[in-house]
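Residue numbers (the numbering used here): 312 to 653. Worksheet for the structure shown next.
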């Protein structure tokens, strides 16, 4: 029988670190800054006394972020934490440590969602971005993308009641059925395709492609309605703002200029009225900058593939979308820091 090297496991872990992006993500983020927010949601950690000790809150936060990054259900996430060394290292567990089960993961995620803690977590990480020297100084790009959820097979009358803000009486009599119905998501059409779900509205820095502000709405809400809320707390910097033609209106352009922005919004041809030569040239110039926001959405779809969101209701959807945006910013920071060292 071949003799085993006592240090082989350590050597393999060192080799794994060279390929493991999760280890870089764990190192670049100051996770302790999130602790006060988590304690507000879950209370102080229980270490002794009666009952089982509570899970380390930072371990649970990193585990939930893993579920979003890799589009895992709670059951799949539990399995991957049991199976993958890189996952255990990222969340802060040793090879022989106990792993949170799927019910515990769901409980912690739901508590975060109900408390609306994702906004505070996102703001804390933005402070870290400022400390790394990444501020919104190169102009703003605004856009939105669809976030689909499982389609509801409702009757026309049921959909009518939902649109009017009422819950069908049949559903109220059957709590199990109501629990599976998303009464906050909405239908919409875009470029001939039908969507059911929500929208992720973001405003990002043009150069760094870091998300500065975000909002979540039902899919039926027009993109332009969220432009002002996105810019409500925008930091000072380059006042140029790029957006596609969905955001252009005479009133919107006047409002943006009154608030000190320089709107670079694409023009859209009207029925029977083509764009003039100047508008065509401006559209081409604007699109060279505006298209950078598509890189953000493309990165999310490629690195964090999710065909359908695994939650029901606007509160949980907002938390899930916010965590997705947070994961993107963490990954983006790791990339920017790596490039800066080259």
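All residues carry an ideal CB built from backbone N, CA and C; glycine is no exception. All figures in this text were calculated on a predicted structure; none of them were measured in a lab.
- Between the segment 353 to 371 and the segment 402 to 414, the count of Cβ pairs shorter than 8 Å is three or higher; the stretches touch.
- The three-state secondary structure of residue 493, taken from DSSP, is coil.
- Unbroken beta strand (DSSP E) stretches of 3 residues or longer found wholly inside the segment 454 to 502: 497 to 501, given in chain order.
- Inclusion of residue 457 and residue 514 in the CB contact set at 8 Å is not warranted, their separation being larger than that value.
- In terms of CA proximity to residue 449, 519 leads the group 434, 519 and 494.
- Here the C-alpha atom of residue 499 lies approximately 36 Å from the C-alpha atom of residue 438.
- Cα atoms of residue 352 and residue 630: separation of roughly 14 Å, rounded to the nearest angstrom.
- With at least 16 other beta carbons inside 10 angstroms of its own, residue 389 counts as buried.
- Along the length of the segment 509 to 566, whole beta strand (DSSP E) runs at least 3 residues long occupy 522 to 529 and 551 to 554, reported in chain order.
- Per the coordinates, the alpha-carbon of residue 491 lies some 9 Å from the alpha-carbon of residue 463.
- The way I'd put it, the segment 428 to 436 doesn't touch the segment 395 to 406; fewer than three beta-carbon pairs between them come closer than 8 Å.
- Between the C-alpha atoms of residue 495 and residue 425 there is a straight-line separation of about 15 Å.
- The segment 602 to 610 makes no contact with the segment 584 to 593; the number of CB pairs closer than 8 Å stays below 3.
- For residue 455 against residue 512, the beta-carbon gap comes to about 4 Å, under 8 Å, which counts as contact.
- Residue range 573 to 576 is occupied by the beta strand (DSSP E) that includes residue 575.
- Under a 10 Å Cβ-count criterion, residue 575 is classified as buried, with 16 or more other Cβ atoms of the shown protein chains found around its own Cβ.
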